[in-house]
Amino acid sequence: RIGSATSLSSAVINSRLQELVRLFKERTEKVKEKLIDPDVTSDDESPVASPAAAPVPAPGGELERDKLLGDDHYCEMLCCTFKSRPWLDRLKSYQFPSSIDPLTNLMYVLWLFFVVMAWNWNCWLIPVRWAFPYQTPANIHYWLLVDYLCDLIYLLDIVVFQTRLQFVQGGDIITDKMAMKRNYLRSQRFKMDVLCLLPLDFFYFKVGVNPLLRLPRCLKYMAFFEFNNRLEAILTKAYIYRVIRTTAYLLYSLHVNSCLYYWASAYEGLGSTTWVYDGEGNSYIRCYYWAVKTLITIGGLPDPKTLFEIVFQLLNYFTGVFAFSVMIGQMRDVVGAATAGQTYYRSCMDSTIKYMTFYKIPKTVQNRVKTWYEYTWHSQGMLDESELLVQLPDKMRLDIAIDVNYNIVSKVALFQGCDRQMIFDMLKRLRSVVYLPNDYVCKKGEIGREMYIIQAGQVQVLGGPDGKSVLVTLKAGSVFGEISLLAAGGGNRRTANVVAHGFANLFILEKKDLNEILVHYPESQKLLRKKAKKMLKSNNKPKEEKGGPGDPLIIPPKADTPKLFRAALAATGRMEGKGPLGRLRWRLKELKAMQ
94 RIGSATSLSS
104 AVINSRLQEL
114 VRLFKERTEK
124 VKEKLIDPDV
134 TSDDESPVAS
144 PAAAPVPAPG
154 GELERDKLLG
164 DDHYCEMLCC
174 TFKSRPWLDR
184 LKSYQFPSSI
194 DPLTNLMYVL
204 WLFFVVMAWN
214 WNCWLIPVRW
224 AFPYQTPANI
234 HYWLLVDYLC
244 DLIYLLDIVV
254 FQTRLQFVQG
264 GDIITDKMAM
274 KRNYLRSQRF
284 KMDVLCLLPL
294 DFFYFKVGVN
304 PLLRLPRCLK
314 YMAFFEFNNR
324 LEAILTKAYI
334 YRVIRTTAYL
344 LYSLHVNSCL
354 YYWASAYEGL
364 GSTTWVYDGE
374 GNSYIRCYYW
384 AVKTLITIGG
394 LPDPKTLFEI
404 VFQLLNYFTG
414 VFAFSVMIGQ
424 MRDVVGAATA
434 GQTYYRSCMD
444 STIKYMTFYK
454 IPKTVQNRVK
464 TWYEYTWHSQ
474 GMLDESELLV
484 QLPDKMRLDI
494 AIDVNYNIVS
504 KVALFQGCDR
514 QMIFDMLKRL
524 RSVVYLPNDY
534 VCKKGEIGRE
544 MYIIQAGQVQ
554 VLGGPDGKSV
564 LVTLKAGSVF
574 GEISLLAAGG
584 GNRRTANVVA
594 HGFANLFILE
604 KKDLNEILVH
614 YPESQKLLRK
624 KAKKMLKSNN
634 KPKEEKGGPG
644 DPLIIPPKAD
654 TPKLFRAALA
664 ATGRMEGKGP
674 LGRLRWRLKE
684 LKAMQ
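Per my numbering, the very first residue in the sequence shown carries number 94; after that it's consecutive.
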């Protein structure tokens with residue numbers, strides 16, 4: 094009995110161990126799939142115990158289980174149900190960054206937008222509330238609510254954001270909290286930020302709610318200019334924003350002038366003279382119309398009557414001429430900077446046309462040159478890409494070249510297995526060239542000294558007896574002419590014509606540039622020469638001799654005539670074709686002529 098009980102317990106233990114091994118294997122497979130593909134959702138469930146070995150729940154276990162299930166949140170999407178943390182937990186777990194990069198952090202740019210909106214509220218509406226009777230006891234609480242909301246934004250900018258801005262000191266980017274705070278407290282911006290938050294509002298209890306007491310809020314102009322710089326850095330067409338900003342400058346100057354005109358009219362008395370505002374219609378629109386006519390010096394205004402009106406009008410005219418000329422100059426600079434590339438393109442094209450006209454170049458060639466200029470400009474936005482990148486450091490040029498060209502060059506069979514840094518150096522030597530439709534990229538028989546990579550468009554390889562049959566069409570990403578880079582003897586000759594099919598944009602790598610690079614990479618140079626020899630052998634196999642199996646003849650070759658038979662023919666030569674031997678000789682001559 095004891096032996097049977099022991100064997101039974103050992104069998105139960107073995108079955109239990111096997112089940113545990115199976116469960117662990119399944120869990121291992123799930124974890125392995127999760128590591129290979131992070132997007133695969135796993136249940137993350139613990140192995141389910143068998144009923145025989147299930148533990149007895151302790152008192153209160155159901156409550157704990159319900160509590161755990163209550164803490165889990167599920168989200169249903171389509172046919173799937175997966176765990177998802179609620180937005181409140183995500184908000185609580187969010188940590189504000191300890192340091193902010195002011196040059197690249199988009200969150201900081203967004204915050205500057207709110208600061209600039211608060212600054213514009215003060216700059217635009219303080220003059221209106223001071224001059225026009227728009228602030229009344231009935232709506233004063235609305236004005237004060239927005240005012241103090243703007244003050245809160247100012248305060249948060251000082252306490253939360255400005256003390257976390259990174260700065261450069263001695264070439265190092267400083268991210269230490271205390272160092273960033275000290276840098277801000279010692280800056281000119283901190284002094285202006287504190288000055289703009291002077292609590293002059295306490296004077297409201299003595300003089301009433303006077304908007305002029307909030308005039309220091311307009312001193313936060315540094316945030317406005319910083320926002321302009323950051324926004325222009327991230328916009329693709331920054332000149333549009335510059336035009337809008339310059340227009341806003343003009344509108345704001347007219348806005349302030351209209352407020353001053355209403356104040357002057359109220360000081361003199363509304364409708365007291367023909368020069369002041371008569372109090373009819375919309376006061377702001379009528380005063381703004383008067384400000385536009387004054388600053389732009391259109392004329393047609395009533396003559397001032399009193400000394401105050403004359404002095405005010407003279408100052409208006411002088412200010413209008415100065416402000417309007419400054420605005421026109423700024424607008425010209427903005428438009429000129431936006432169209433600088435277009436102007437350069439037009440000047441280059443005009444100079445080329447003038448040169449071709451002077452030397453009487455044929456019209457067909459002139460039209461092709463014009464087409465090249467127009468297509469290159471519209472496809473690239475510039476005539477020469479190297480001129481744009483020449484101002485950048487060598488490392489930045491390499492980063493741009495890797496992003497643009499590395500995926501194409503790395504697929505070239507000739508460069509497989511080469512040093513990665515050698516390929517990077519080669520990318521900087523690539524030169525972009527645009528070919529027009531039916532332009533010959535290379536011709537058969539010429540010496541090849543460059544390799545071509547198709548960036549956009551298609552090229553056709555021509556061959557056949559007439560040299561005009563299309564053998565193959567190469568599309569974007571294809572490479573040809575790579576064997577010419579390493580061929581001995583000054584370069585091998587091209588074996589076919591390659592013609593651009595439509596407009597084609599190609600990258601060119603010249604042989605001399607590759608040789609300069611390979612000097613520093615001897616191992617890659619050996620590998621490339623070995624590959625080039627194999628490719629040349631496969632492309633230049635010797636042709637089969639005439640009469641071989643691959644070149645059958647219509648008439649088989651004639652066997653040599655025996656010597657004895659030739660002597661008999663010579664002996665009968667004087668018979669002049671008479672007799673059977675003469676006829677046979679004539680027949681052999683005919684066959685020879687046919688062959």
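Beta carbons: idealized from backbone N, C-alpha and C, even for Gly. Just so it is clear, the structure is predicted and the values come from calculations on it, not from any experiment.
In the structure shown, what three-state DSSP assignment does Gln262 receive? Correct three-state label for Gln262: strand.
Starting from Glu361, follow its DSSP beta bridges and name the residues at the other end. Looking at the DSSP output, Glu361 sits in no beta bridge, so it has no partner there.
Where does the unbroken beta strand (DSSP E) through Gln435 begin, and where does it stop? Judged by DSSP secondary structure, Gln435 falls outside any beta strand (DSSP E) and instead within the alpha helix (DSSP H) spanning Ala433 to Phe451.
Comparing C-alpha positions only, which one of Ala431, Pro397 and Leu347 sits nearest to Tyr370? Of the listed residues, the one whose Cα sits closest to Tyr370 is Pro397.
To the nearest angstrom, report how far apart Arg257 and Leu245 are at their CA atoms. Each residue's alpha carbon lies about 18 angstroms from the other.
Among Trp383, Lys330, Ile501 and Ile540, the one whose alpha carbon lies nearest that of Tyr355: It is Trp383.
Compare the C-alpha of Gln435 against each of Tyr448, Glu467 and Thr412 and name the closest. Sorting Tyr448, Glu467 and Thr412 by C-alpha distance to the C-alpha of Gln435 places Glu467 at the top.
Between which residues of its own chain and Lys270 is the CB-CB distance below 7 angstroms, once the five residues before and five after are set aside? Ser191, listed in sequence order.
C-beta contact flag for Tyr277 and Gln262 at 8 angstroms: Their beta carbons are not under 8 angstroms apart, which means Tyr277 does not touch Gln262 by this criterion.
Which stretch, first to last residue, makes up the beta strand (DSSP E) that contains Pro205? The sequence given here places Leu at residue 205; Pro does not occur at that position. Careful: Leu205 lies outside any beta strand (DSSP E), inside the alpha helix (DSSP H) at Leu199 to Ala224.
Between which two residues does the beta strand (DSSP E) holding Phe295 run? In this chain, Phe295 is not harboured by any beta strand (DSSP E), its DSSP state being neither H nor E.
From Ser108 to Val114, what does the alpha carbon distance come to, in whole angstroms? Going from the Cα of Ser108 to the Cα of Val114 covers about 10 angstroms.
Where Arg680 falls: helix, strand or coil (DSSP): DSSP places Arg680 within a helical segment (H, G or I) once states are collapsed to three.
Where are the beta strand (DSSP E) runs, 3 residues long or more, that stay fully inside the stretch 507–548, in chain order? Within the stretch 507–548, the runs of beta strand (DSSP E) that reach at least 3 residues and sit entirely inside it are, in chain order, 524–528 and 533–535.
Val483 classed as buried or exposed, judged by whether at least 16 other C-beta atoms fall within 10 angstroms: Exposed.
Using C-beta distances below 6 angstroms, list every residue in its chain close to Cys172, excluding the 5 sequence neighbours before and after it, in chain order. Summary for Cys172: the model assigns pLDDT 47, below 50, so the residue's position carries little reliability, and this model does not support an answer.
Other residues of its chain near Arg307: CB distance less than 8 angstroms, five sequence neighbours each side excluded: Excluding sequence neighbours, Arg307 sits near Asn215, Ile219, Asp240, Leu293 and Asp294.
Check whether the Cβ atoms of Leu599 and Ile516 sit closer than 8 angstroms, and answer yes or no. Inclusion of Leu599 and Ile516 in the CB contact set at 8 angstroms is not warranted, their separation being larger than that value.
On a CA-only basis, which of Val497, Ile106 and Leu288 is nearest Ser525? Give me that one, please. Distances from the CA of Ser525 to each of Val497, Ile106 and Leu288 were compared; the closest alpha carbon is that of Val497.
Measuring CB atoms only, is the stretch 539–555 touching the stretch 617–632, in the sense that at least three cross pairs come out at less than 8 angstroms? As far as the Cβ criterion goes, the stretch 539–555 does not touch the stretch 617–632, which means the pair count is below three.
Residue range of the alpha helix (DSSP H) that Glu609 falls in? From DSSP, the alpha helix (DSSP H) with Glu609 extends over Lys604 to Leu611.
Rounded to whole angstroms, how far is the Cβ of Gln459 from the Cβ of Met449, which I believe are closer than 8 angstroms? Confirmed, Cβ separation roughly 5 angstroms.
Range of the contiguous alpha helix (DSSP H) that encloses Val239: Residues Ile233 to Leu249.
Pick helix, strand or coil for Val592, following the three-state DSSP scheme. Strand at Val592.
Between the stretch 563–572 and the stretch 603–613, do three or more beta carbon pairs fall short of 8 angstroms? Contact between the stretch 563–572 and the stretch 603–613 is absent, because fewer than three Cβ pairs lie under 8 angstroms.
Note down, in chain order, each residue of its chain lying with its Cβ closer than 6 angstroms to the Cβ of Met424, except the 5 sequence neighbours on either side. If we look at Met424 and ignore the five residues flanking it on each side, its Cβ neighbours are Thr339.
Could you check what DSSP says for Gly413 in three-state terms: helix, strand or coil? Correct three-state label for Gly413: helix.
Per DSSP, what kind of secondary structure is Arg622 in: helix, strand or coil? If DSSP states are grouped into helix, strand and coil, Arg622 belongs with the helices.
Thr566 - containing beta strand (DSSP E), residue span: In this chain, the beta strand (DSSP E) harbouring Thr566 covers Ser562 to Leu567.
For Gln111 and Glu122, I'd like the C-alpha separation in whole angstroms. Using only the alpha carbons, I get a separation of about 17 angstroms.
Hey, out of Glu575, Thr268 and Glu361, whose CA is closest to Gln509's CA? The shortest C-alpha separation from Gln509 is found at Glu575.
Is DSSP giving Arg714 helix, strand or coil here? As shown, the chain starts at 94 and ends at 688. That puts residue 714 outside it, with no answer to give.
Is it the case that the stretch 309–328 contacts the stretch 279–288, given that we only count it when at least three CB pairs across the two stretches are under 8 angstroms? Look at the beta carbons and you see the stretch 279–288 touching the stretch 309–328: at least three pairs across the two are nearer than 8 angstroms.
Give the list of continuous alpha helix (DSSP H) stretches no shorter than 4 residues that lie fully inside the stretch 324–399. DSSP runs (the alpha helix (DSSP H)) wholly in the stretch 324–399: 331–361 and 376–388.
State the DSSP-derived secondary structure class of Leu485, mapped to helix, strand or coil. Looking at Leu485 - three-state DSSP - the assignment turns out to be coil, as it is neither helix nor strand.
For Gly570, the three-state DSSP class (helix, strand or coil): Of the three classes helix, strand and coil, the one that applies to Gly570 here is coil, per DSSP.
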